[in-house]
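**Q**
Numbering (UniProt numbering), first residue to last: 1 to 91.
#1: CA-CA distance, residue 65 and residue 33?
#2: Taking the Cβ atom as the reference point for each residue, do residue 40 and residue 59 lie within a distance shorter than 8 Å?
#3: Tell me whether residue 86 is buried or exposed, calling it buried when 16 or more other Cβ atoms sit within 10 Å of its Cβ.
#4: How is the alpha helix (DSSP H) around residue 64 delimited, first residue to last?
#5: List the whole-angstrom C-beta distance separating residue 95 from residue 36, where the pair is believed to meet the contact cut-off of C-beta under 8 Å.
#6: To the nearest whole angstrom, what separates the beta carbons of residue 84 and residue 50, a pair I think is in contact under 8 Å?
Take a look at the structure:
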């Protein structure tokens, strides 16, 4: 295969840039699929103590949902979204 000098130059110079922003009231819990501005299935009413928690992988869940998920895992505790080992994000 013959690659032109221009193609090689473009490949060497290419730089990818991306931004990502998560907005709490704009998404759903990846476990229960309920909106973050509502409450999880374990809570009775919106406004009950149902905080959101983040993992070091940047995925976020209702606290009750991720605790149940982690308790149900037998081998290790992966994030339900990316399958990386779940580690609580300090904050």
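Where is the CB? At the ideal position from N, CA and C, for every residue including glycine.
All values derive from a computational prediction rather than experimental measurement.
**A** Let me spell this out:
#1: 10 Å
#2: no
#3: Here residue 86 is buried. Its C-beta has 16 or more other C-beta atoms within 10 Å.
#4: 63-72
#5: Limits of the chain in this structure are 1 at one end and 91 at the other, which puts residue 95 out of reach.
#6: Their Cβ separation, rounded to whole angstroms, is 24 Å, which puts residue 84 and residue 50 out of contact at 8 Å.
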